[in-house]
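Student: My structure is below; once you've seen it, I'll send some questions.
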Amino acid sequence: MRGKEEAHDYRYFPDPDLLPLTLAPEWIDEIGATLPELPGERRKRLITTFHLSRQEAAALVGREGMADFFEAAVALGAPPKAACNWLLGDVLKSLNRRGETIRQAPITPEALAELIELVEEETISGKQGKEVLERIFEGEGMPRSIVAAEGMAQISDTTELTRIIEGVIAAHPKAVADYRAGNAKILGFFVGQVMKATKGKANPKRVDELLKRLLKA
Numbered sequence: 003m004r005g006k007e008e009a010h011d012y013r014y015f016p017d018p019d020l021l022p023l024t025l026a027p028e029w030i031d032e033i034g035a036t037l038p039e040l041p042g043e044r045r046k047r048l049i050t051t052f053h054l055s056r057q058e059a060a061a062l063v064g065r066e067g068m069a070d071f072f073e074a075a076v077a078l079g080a081p082p083k084a085a086c087n088w089l090l091g092d093v094l095k096s097l098n099r100r101g102e103t104i105r106q107a108p109i110t111p112e113a114l115a116e117l118i119e120l121v122e123e124e125t126i127s128g129k130q131g132k133e134v135l136e137r138i139f140e141g142e143g144m145p146r147s148i149v150a151a152e153g154m155a156q157i158s159d160t161t162e163l164t165r166i167i168e169g170v171i172a173a174h175p176k177a178v179a180d181y182r183a184g185n186a187k188i189l190g191f192f193v194g195q196v197m198k199a200t201k202g203k204a205n206p207k208r209v210d211e212l213l214k215r216l217l218k219a
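The opening position of the sequence shown corresponds to residue 3 in our numbering, with each subsequent residue numbered one higher.
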């Protein structure tokens with residue numbers, strides 16, 4: 003049996019009752035805009051728009067709902083890199099432990115954006131941020147409410163920390179002399195004393211900066 007190889011082999015005939023179909027370019031563009039973004043295209047856009055690495059973009063796009071969640075959090079003000087790090091780090095760990103996707107979990111883009119803001123503005127430390135994240139997953143509410151209810155906010159005010167540090171320095175003259183004599187390790191002792199005086203609420207970064215400056219005086 004001879005196979006059909008060319009169009010004319012099928013003996014097509016034009017139908018005189020069918021009018022030519024002309025599609026307007028604008029209509030084609032409109033339909034194209036409604037089509038879902040392909041994974042490869044989305045990865046490229048995340049890399050270009052948010053300056054993510056290929057691995058980060060692939061990880062977000064490759065997990066159900068993760069890229070949508072990421073873009074929603076960024077739209078609410080979360081820095082793209084921070085949002086990506088939290089999602090692919092501690093958030094993903096919690097999801098894996100619970101056997102959930104991001105769409106099933108109790109965390110929202112609003113909650114993540116708020117949590118990142120608290121850490122970025124140093125209201126809480128990164129370690130405290132992880133604790134707050136776990137509480138969010140337990141359904142305890144929004145980050146600021148959790149921080150306020152538990153009194154977790156760090157002391158970052160320079161004036162208040164300076165007053166506390168000056169008190170610690172005045173109470174330990176020998177340790178001050180040892181530090182000024184070259185014993186840099188004793189700085190840890192002073193940090194510990196400040197943290198004790200503030201019940202662990204002092205901003206460690208600010209404490210370290212202020213101690214080094216005040217101990218030189």
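Positions of the beta carbon are idealized from the N, C-alpha and C atoms, including for glycine. Every value quoted in this text rests on a predicted model; they were computed, and no experiment measured them.
Leucine 117: which of Phe191, Arg105, Thr164 and Gly143 sits nearest, CA to CA?
Tutor: By one-based count along the sequence shown, residue 117 stands at place 115. Residue Gly143 is the option with its Cα nearest to leucine 117.
Student: Please go through the same chain and pick out, in chain order, the residues whose beta-carbon is closer than 7 Å to the beta-carbon of aspartate 31, but skip the five residues on each side of it.
Tutor: Mapped onto the sequence shown, residue 31 falls at position 29. Closer than 7 Å at Cβ, skipping near neighbours: no residue.
Student: Determine the closest residue to leucine 54 out of Thr36, Ala84 and Phe71, with distance taken between C-alpha atoms.
Tutor: Walking along the sequence shown from the start, residue 54 turns up at place 52. When only C-alpha atoms are compared, the closest one is Ala84.
Student: Do the segment 160-170 and the segment 127-140 touch if we need at least three Cβ pairs shorter than 8 Å?
Tutor: Short answer: they don't touch.
Student: Among the residues of its own chain, which have a CB less than 7 Å from the CB of asparagine 205, if the five just before and after it don't count?
Tutor: Mapped onto the sequence shown, residue 205 falls at position 203. Excluding positions up to five away in sequence, the list reads Glu124, Gln156, Ile157 and Ser158.
Student: Quick test of your reading: proline 108 and glycine 141, contact by CB under 8 Å. State the CB separation rounded to the nearest angstrom.
Tutor: By one-based count along the sequence shown, residue 108 stands at place 106. By one-based count along the sequence shown, residue 141 stands at place 139. At roughly 5 Å, the Cβ-Cβ gap stays under 8 Å, so proline 108 and glycine 141 are in contact.
Student: If you check the beta carbons only, do valine 149 and isoleucine 126 fall under 7 Å apart?
Tutor: Sequence index remark: in the sequence shown, residue 149 carries index 147 (1-based). Sequence index remark: in the sequence shown, residue 126 carries index 124 (1-based). Contact: yes.
Student: State the Cα-Cα distance for the pair proline 18 and glutamate 28, rounded to the nearest angstrom.
Tutor: Walking along the sequence shown from the start, residue 18 turns up at place 16. Walking along the sequence shown from the start, residue 28 turns up at place 26. Those two C-alpha atoms are separated by around 28 Å.
Student: Please state whether the Cβ-Cβ distance between alanine 59 and leucine 48 is less than 7 Å.
Tutor: Position 57 of the sequence shown, counting from 1, holds the residue named residue 59. Position 46 of the sequence shown, counting from 1, holds the residue named residue 48. Cβ atoms of alanine 59 and leucine 48: closer than 7 Å.
Student: So valine 63 and alanine 69 are supposed to be a Cβ contact under 8 Å. How far apart are they, rounded?
Tutor: Position 61 of the sequence shown, counting from 1, holds the residue named residue 63. Position 67 of the sequence shown, counting from 1, holds the residue named residue 69. Contact flag correct, Cβ pair sits at about 5 Å.
Student: Take the Cβ of glutamate 73 as the centre, count every other Cβ of all protein chains shown within 10 Å, and call the residue buried at 16 or more, exposed below.
Tutor: The residue you call residue 73 lines up with position 71 of the sequence shown. Answer is buried; the Cβ neighbour count reaches 16.
Student: Any idea if proline 145 is buried or exposed, counting beta-carbon neighbours within 10 angstroms, 16 or more meaning buried?
Tutor: If you number the sequence shown from 1, residue 145 lands on position 143. The residue is buried, with at least 16 neighbouring Cβ atoms inside 10 Å.
Student: Helix, strand or coil, according to DSSP, for isoleucine 126 in the structure here?
Tutor: Stepping through the sequence shown from its first residue, residue 126 is reached at position 124. Looking at isoleucine 126 - three-state DSSP - the assignment turns out to be coil, as it is neither helix nor strand.
Student: For alanine 204, write down the residues that DSSP places opposite it in a beta bridge.
Tutor: The residue you call residue 204 lines up with position 202 of the sequence shown. BP columns for alanine 204 point to Ile157.
Student: Mind reading off the beta-carbon distance from glutamine 195 to valine 170? Whole number of angstroms is fine, and I expect it under 8 Å.
Tutor: Translated into the one-based positions of the sequence shown, residue 195 becomes position 193. Translated into the one-based positions of the sequence shown, residue 170 becomes position 168. The pair is a contact, with the Cβ atoms about 5 Å apart (cut-off 8 Å).
Student: Starting from the Cα of lysine 201, find the closest Cα among Leu20, Leu23, Gly153 and Lys207 and give me that residue.
Tutor: If you number the sequence shown from 1, residue 201 lands on position 199. Nearest C-alpha to lysine 201: Gly153.
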